[in-house]
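Q: The structure is given below, and queries will be raised subsequently.
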Amino acid sequence: MIDADVSCVVPARLGSSRFPGKLLKPLLGKPVVVHALDRAMEAGCFSEVVCLTDSSEIGETVSAYGHRFILSGDAANGTERIARNLDSIESDLVVNLQGDEPAFPIEGLQTLREALCQNPEWMHTLVHEEETSEQDLENPNRVKAILDANGFVLDFCRDGRPSARTENAWRLHLGAYAYSKNFLRRYAALPSSKREVEESHEILRDLNLAPIRAHASQPGAPVDTPADLVFARQRLEALALQGAL
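First residue of the sequence shown: -10, per our numbering; consecutive thereafter.
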């Protein structure tokens, strides 16, 4: 399956334990989640781009900026939210872009789409192409992917302190996934796992559902805390100067 329709879904939950309401915080005149949807549209490779949210406020906001939304029920995470709404998603292949990624690299989204079309039986994700800095390794707000020699994910972890590290490659994980509806149906049939809850990372529900291939990318500017808004604004301003916004 070299070429196929692929939907880009942006799950958007209004509540956030670390930064409530972050998706509606303004950045250069638009809410964070609208920037994420705009990036998906700018990638120019998806058959549809849709916001999947449990919040009518988010839905009305993105609609005012011309984006389609689907109102969903409660879910433990973005992957589960997508898996519970498969009938509302047009394509059998799905890229999940997290709603708190206002400056996500469009090349990364294009890479995910192409990789998923080539190997739809795998799950795909993105990691920073450069070695992870000590600051990010030790930052629990940043998820790290632990990779084997062939670029497949062995594990995800938030604790990057020296005492927790292994000899495998550790790379900063970026906020996007690509998978098939078949994968998502199997995911939704499983209960949350202990590590998924402890690490607050959805793919830890079961790492054996499918091989997880990591692809190198430039980083985005995820908004996990109020301080992240400053960096995200700087990244968006830089993109605007480059004519990439």
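All residues carry an ideal CB built from backbone N, CA and C; glycine is no exception.
Express the C-alpha separation of residue 40 and residue 30 in angstroms, rounding to a whole number.
A: For the purposes of this step, residue 30 is identified with residue 41 of the sequence shown, where counting begins at 1. For the purposes of this step, residue 40 is identified with residue 51 of the sequence shown, where counting begins at 1. Cα atoms of residue 30 and residue 40: separation of roughly 12 Å, rounded to the nearest angstrom.
Q: With DSSP as the reference, label residue 85 as helix, strand or coil.
A: Here the question's residue 85 lines up with position 96 in the sequence shown. Residue state for residue 85 is assigned as strand, using DSSP reduced to three classes.
Q: Output needed for residue 97: all residues of its chain with C-beta closer than 6 Å, excluding positions within five of it in sequence on either side, in chain order.
A: For the purposes of this step, residue 97 is taken as residue 108 along the sequence shown, with counting starting at 1. 115 and 206, listed in sequence order.
Q: At what residues does the alpha helix (DSSP H) containing residue 210 begin and finish?
A: As a first step, residue 210 must be located in the sequence shown, where it is residue number 221. Residue 210 -> no alpha helix (DSSP H), and no H or E assigned at all.
Q: Could you give the DSSP three-state label for residue 228: helix, strand or coil?
A: Along the sequence shown, one-based indexing puts residue 228 at 239. Looking at residue 228 - three-state DSSP - the assignment turns out to be helix.
Q: Where DSSP assigns a beta bridge to residue 44, which residues make up the other side?
A: As a working mapping, residue 44 is identified with position 55 in the sequence shown. According to DSSP, which records beta bridges pairwise, residue 44 is partnered with nothing at all.
Q: Should residue 219 go down as buried or exposed, given a rule of 16 or more other Cβ atoms within 10 Å for buried?
A: Along the sequence shown, one-based indexing puts residue 219 at 230. Classification of residue 219: exposed, given that the 10 Å Cβ count is below 16.
Q: Given 8 Å as the limit, is there contact between the stretch 160 to 180 and the stretch 191 to 206, that is, 3 or more CB pairs closer than that?
A: yes
Q: If you draw a straight line from the alpha carbon of residue 136 to that of residue 119, how long is it in whole angstroms?
A: Translated into the one-based positions of the sequence shown, residue 136 becomes position 147. Translated into the one-based positions of the sequence shown, residue 119 becomes position 130. The alpha-carbon atoms of residue 136 and residue 119 are separated by roughly 13 Å.
Q: Go ahead and pull the three-state DSSP assignment for residue 203.
A: Walking along the sequence shown from the start, residue 203 turns up at place 214. It is a strand residue.
Q: Could you say which of 4, 121 and 177 lies nearest to residue 235 if we only look at CA atoms?
A: As displayed, the chain neither begins before -10 nor continues past 234, which places residue 235 out of reach and without an answer.
Q: Taking the runs of the alpha helix (DSSP H) that are 4 residues or longer, which of them lie wholly in the stretch 146 to 184?
A: 170 to 177
Q: Would you call the stretch 208 to 223 and the stretch -1 to 14 in contact, with 3 or more CB pairs under 8 Å?
A: yes
Q: Per the contact definition of three or more C-beta pairs closer than 8 Å, is the stretch 88 to 102 in contact with the stretch 17 to 27?
A: yes
Q: With DSSP as the reference, identify every bridge partner of residue 60, one or two as the case may be.
A: Walking along the sequence shown from the start, residue 60 turns up at place 71. 42.
Q: Answer yes or no: do residue 7 and residue 64 have a C-beta to C-beta separation smaller than 9 Å?
A: The sequence position of residue 7 within the sequence shown is 18, counting from 1. The sequence position of residue 64 within the sequence shown is 75, counting from 1. Cβ distance not < 9 Å, so residue 7 and residue 64 don't count as in contact.
Q: Alpha carbon to alpha carbon, how far is residue 165 from residue 229? Give it in angstroms, no decimals.
A: Position 240 of the sequence shown, counted from the start, is the residue given in the question as residue 229. Position 176 of the sequence shown, counted from the start, is the residue given in the question as residue 165. Rounded to the nearest angstrom, the two C-alpha atoms are 22 Å apart.
Q: What residues in its chain sit with their C-beta under 7 Å from that of residue 123, if we drop five residues either side in the sequence?
A: Numbered from 1 along the sequence shown, position 134 holds the residue referred to as residue 123. Closer than 7 Å at Cβ, skipping near neighbours: no residue.
Q: Contact defined as beta carbons within less than 8 Å: I believe residue 36 pairs with residue -5. What is the distance between those atoms, to the nearest angstrom?
A: Start at 1 with the first residue of the sequence shown, and residue 36 comes out as number 47. Start at 1 with the first residue of the sequence shown, and residue -5 comes out as number 6. Yes, they are in contact, since the Cβ atoms of residue 36 and residue -5 sit about 6 Å apart, within 8 Å.
Q: Starting from residue 135, trace the beta strand (DSSP E) both ways and give me its first and last residue.
A: Counting from 1 along the sequence shown, the entry for residue 135 is found at position 146. That run of the beta strand (DSSP E) goes 133 to 136.
Q: Please return the same chain residues whose Cβ sits closer than 6 Å to the Cβ of residue 111, not counting the five positions on each side in sequence.
A: Within the sequence shown, residue 111 is the residue found at index 122, counting from 1. So the qualifying residues of the chain are 199, 200 and 202.
Q: Output needed for residue 271: all residues of its chain with C-beta closer than 6 Å, excluding positions within five of it in sequence on either side, in chain order.
A: This structure cannot settle anything about residue 271, because the visible part of the chain is limited to -10 through 234.
Q: Fully enclosed by the stretch 67 to 125, which alpha helix (DSSP H) runs are 4 residues long or longer?
A: 67 to 72 and 95 to 107
Q: Determine the direct distance from the alpha carbon of residue 57 to that of residue 86, and round the result to whole angstroms.
A: Residue mapping note: residue 86 aligns to position 97 of the sequence shown, counting from 1. Residue mapping note: residue 57 aligns to position 68 of the sequence shown, counting from 1. Rounded to the nearest angstrom, the gap between the Cα atoms of residue 86 and residue 57 is 15 Å.
Q: In its own chain, which residues sit with a C-beta less than 8 Å from the C-beta of residue 79, not counting the 5 before and 5 after it?
A: The residue labelled residue 79 in the question sits at position 90 within the sequence shown. Closer than 8 Å at Cβ, skipping near neighbours: -6, -4, 36 and 37.
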